[in-house]
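Heads up: the protein sequence lines correspond to chains S and Y, in order.
Under the numbering used here, the residue at position 169 of the first sequence is numbered 160, and the numbers go up by one with no gaps.
Under the numbering used here, the residue at position 42 of the second sequence is numbered 55, and the numbers go up by one with no gaps.
Glycine included, C-beta positions come from ideal geometry on N, C-alpha and C.
Source: prediction; values computed, not measured.
Please read the structure below before turning to the comments.
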Amino acid sequence: MLKLLPLIPLFPLVSSILLMVTLGKMPKRIVAILGAGSVGLAAVTTLLVGLAFMESGQPHHQILWTWIHVGNFSPDIAFYLDGLTLVMMSVITGVGFLIHLFSAEFMEDDASFSRYFAYLNMFVFAMLILVMADNLLLLYLGWEGVGACSYLLIGFWYQDPTNGAAARKAFVVTRIGDAALAVGLFLLFTELGTLDIQPLAEAAKSQWQVGDTLPVIACLLLLGGAVGKSAQLPLHTWLPDAMAGPTPVSALIHAATMVTAGVYLIARTHELFLLAPPAMLAVALVGLITSLMAAFTALNQHDIKRILAYSTISQIGYMFLALGVGAWAAGIFHLVTHAFFKALLFLAAGAVIHCLHHEHNIFKMGGLRTRLPVVFWSFLIGSAALAALPLTSGFFSKDMILLQAYELPKFGPWLWAGGLLGALLTAIYSFRLVFVVFFGETKMEPDKQPGTRMAVPLSLLCVLSLVGGFFALPLVPLESVFPVAGEHHPSHLIEGISIAIPLIGLAIAYFVYLGGQLKVDGLVNSSGGQVLKKFWFSGWAMDWLYDKLWVRPYKFLAYILRRECMDDIYNVIVKFCQFLFMALSRTQTGRLRWYATSMVFGLILVIALLQGVIQ
Amino acid sequence: MDGVSIPLDHVLLLSALLFICGLLGLMMRRNIIFILVSLEVMLNASAVAFVAAGARWGQADGQIVFMMILAVAAAEVAVGLGLVLQIQRRFKNLDMDDANRMRG
C-alpha cells in the first residue's frame, strides 16, 4: 500500500497535462470531473497510504530514479514519507479536493474553465512534490513550480493589465526569496556535501556546533526563502495584490498551501535551525512583527478579500513565531487548522462575491445573514476559529503556540504578550468583517444562492474547523518527527488571559460595529486618526517604501541603459573594420594609370629588397 | 668590323633608360594612343637589351629574339587598337581616366 505513494502526485499531473493538450475543447462536465476527480483520487490514495504508514510506524523512503549525476552529487527523484509529510499531503489533497469541487461551480461561467483546472492541478502536483521530496533540490523544483503556477493563476484573467501586474509582482517578490534559498542550498551543499534531507541533518549535527556562524548564515538564507514564499516581512507585499485572482485560487494557494511552504521548509530543516539559535530568534521576531503589522492593516481594509489576505499574513506570522521558539509541532498544528478555517473563509467570501455579482467592498454589503444562511454559518464558524474562540480548532493550535512561546527563556513573555495583542486584533477584525457583512440592513440583494458544489465543501470545512483541533489529532503523526517539548504547566492566570483575550476582542467588535455603543468615529476622523488610518490602510506604507527604494531606481537604471551599452564595445571593432574598408577601397580606382603606378612602386620596392638596400 | 666595341653596360643602361622613359610615359599620359606608344617604347627597350646580350656572346640568338618581340608587339598593337576603337565608341573620348567603370 505504501508503494502507491508516487501515484499521489501523478493523478493531478496527468489530469493537468490532459487538460492542457486538449486545448479547452472538452465539455465542462468532463473537465470538472477530471480536474476535481484527480485530486479526489489523490486524497483517497493519501488516506490509504497514511493508514499504511501509521501501521508501520517507520518513515518510508521511495526512490524513483536518479535525476542528475555529476561528480559526487547525485540527487534522486525520491519521496520521503514521514509524519510531517503525511500531514502536509493530507491538507493539500483534502482541502485541495474541496476547493476543486467549489471551483467547479464558482468558475462555471468562465470561458477558460479548462485552463483554470489545468493550472490548479499543476499547482497541486508541484506542491505535492515540494512536501514529498527527500532532497532539497527536488523540494526546490516543487518550490519553483508552485511559484510559476501561482503566477499563472493570479494573472488568470490576464485581459485586465492590473491582474498581470499583480501576478508579476507576486512572482518577482517571491523570486527574491527564491534567490536567497538557492544561495542557502549552495552553501549547504558546499559545506556538507549533500542535499538529501536526512543525511544533511546528520552531517550538520556532526560537523557544526550549536551557535557556529555557518549554520546561522545557512538558516538565515533558508529563512529568506521562506519569508518570500510565505509572505512575511519584508517580502509580504505581494499577497494582498494577489487577491486579483479567482477566489478559490486565493483559498488554495494563498491560504492553505503555497504560503505554508515556507513554514514546511523550516519545519523540515529543523535540525539545522536547532544548531543556530540566532536564526531561530530571527524566525520568531519576523513572525511576531509581521503578525502585528498585518493585523493592524486588516483592521482598516474594506475589500473582503484583502482583509482575509492580511489575516493570512498575520496567521502565518504565528506559525513562524511557533517555529522560532521551538514549538515545531504547534506550528504545524496551526498550519493545519489555519488551512481549514482560512480556506473556509476564502470559499465563503467567494460564495458571497459569486452571489453578489462580484462585489468586494464590505461596506456595500449588509444583512446577508438571512439571505445567504449557509455562507453566514460558514463565515461565523470560520471567524470563530480564526479568532481562536474557545473549543474551535484555531483555539487549540493558537493556544499551544502562545503557551509554548511563554516558556521560552529570556524573550518568552514578550513574545507571548505580542502574540496576545495579535490575537486581540485578530478577533476584532474578523468579527468586524462578520458584523458588517452579515448583520445590519441589507444594502445589496444576492441574485443567486450557492449550489451543492459550493455548499458541500463549505459544510465539510465548517466541521473540520470546529472539530479539527480535538484530541490534537493532527499532532499524532508528528510525534516521531520533532523533538518532544517538555511537559509544562503554565499558571492558570496565563491560561485564563489567553482564553479571555479573543472574547474581549469579540466584545469590542460587537460594541463598535453591531451594538454601536462604542463610538470610534471621533477618534478616527481626527487629524491624527486619519493619518494613522491611511498609514495602516496602505499596509504600513510598505508598497510606497518599496516603490521609492527599489522600483524607481531600477526603472531609472533601465531607462539610462536602454541603448544596449555593451554593444558599444563591439562597435569599436566594427568601426575599425569599416575604416579599413573605406581606406583600402580608395585604392580600387578603376584607373589604369593608377594600377600601373602602383605596380612600378611595388617593383622598386622589390628591387630594393633584392639589392639589400632594405632588409 | 673592328674598332671600339660598345661596352655591354652602356647598352644595358640605354635599355634601362629607355624602359624608364616608356614607364614614365605610361604613368603620366592620359591619352590611350600615347599609352600604347609608351608601351611600344618599353618593348623596344627590352628588345635592345636582348640584342646587346646576343652581341656579348657573339651569337645571333639575340637578334632572333628581337624579331620575335617585334612580332609580339605588332600583334599586341593590333589588338590594342581594336580596343581603342571600342573605348572611343563608348566613352566618346580617348581619356584613360574616364574608363574607370571597374572601380571598387
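- S/F177 carries a helical assignment under DSSP once its states are collapsed to helix, strand and coil.
- Non-local C-beta neighbours of S/V458 in its own chain, meaning closer than 8 angstroms and more than five positions away in sequence, comprise S384, ordered along the chain.
- Under the criterion of beta carbons closer than 8 angstroms, S/I304 and S/L230 qualify as touching, at roughly 6 angstroms.
- No Cβ of chain S is located within less than 9 angstroms of the beta carbon of Y/I46.
- Across the region 25 to 56 of chain Y, CB contacts with chain S closer than 7 angstroms involve L36, L39 and M40, in sequence order along the chain.
- In this structure, S/Y420 sits near S/I298, with a CB-CB distance shorter than 9 angstroms.
- Around the beta carbon of S/V201, fewer than 16 other beta carbons lie within 10 angstroms, which makes this residue exposed.
- By the rule that beta-carbons nearer than 9 angstroms mark a contact, S/R582 touches chain Y.
- Taken through DSSP and simplified to helix, strand or coil, S/F147 comes out as coil.
- Taking 7 angstroms as the cut-off between beta carbons, none of the residues of the region 153 to 178 of chain S comes near chain Y.
- Under the DSSP assignment, S/T361 falls in the alpha helix (DSSP H) whose first and last residues are L359 to R362.
- Taking the Cα of S/L121 as reference, the smallest distance to any Cα among S/G403, S/T153, S/A102 and S/I68 is reached at S/I68.
- Contact holds between the region 109 to 125 of chain S and the region 0 to 20 of chain S, because three or more Cβ pairs, one in each stretch, are under 8 angstroms apart.
- The three-state secondary structure of S/T57, taken from DSSP, is strand.
- Assignment of beta-bridge partners to S/F64 by DSSP yields S/V61.
- At least one CB atom of chain Y sits nearer than 9 angstroms to the CB of S/A587.
- Fully enclosed beta strand (DSSP E) runs of no fewer than 3 residues are not present anywhere in the region 19 to 106 of chain Y.
- Of all residues in the region 561 to 573 of chain S, none is placed with a Cβ closer than 8 angstroms to any Cβ belonging to chain Y.
- At least one CB atom of chain Y sits nearer than 9 angstroms to the CB of S/V591.
- Y/D74 and Y/L94 have their C-alpha atoms spaced approximately 30 angstroms apart.
- The three-state secondary structure of S/H325, taken from DSSP, is helix.
- DSSP places S/A339 in the helix class (H, G or I) of the three-state scheme.
- According to the DSSP secondary-structure assignment, S/L72 is paired through a beta bridge with S/H51.
- Under the Cβ distance rule, Y/A112 counts among the residues neighbouring chain S, one pair being separated by less than 9 angstroms.
- The continuous alpha helix (DSSP H) containing S/L214 extends over residues T204 to K220.
- In this structure S/A209 is buried. Its beta-carbon is surrounded by 16 or more other beta-carbon atoms within 10 angstroms.
- DSSP lists S/F70 as the bridge partner or partners of S/A124.
- Residue state for Y/D108 is assigned as strand, using DSSP reduced to three classes.
- Listed along the chain, the chain S residues whose CB falls inside 9 angstroms of the CB of Y/M109 are R582, L583 and R584.
- Annotated three-state conformation of S/D294 is strand, per DSSP.
- The criterion of a C-beta distance shorter than 9 angstroms is not satisfied by S/S282 and S/T251.
- Around the C-beta of S/Y545, fewer than 16 other C-beta atoms lie within 10 Å, and the residue is accordingly described as exposed.
- Nearest to S/L497 by C-alpha distance, out of S/E135, S/L371, S/I307 and S/D294, is S/L371.
- Listed in chain order, the non-local C-beta contacts of S/K434 below 7 angstroms within the same chain comprise K355, M356 and G357, local neighbours out to five positions each way being set aside.
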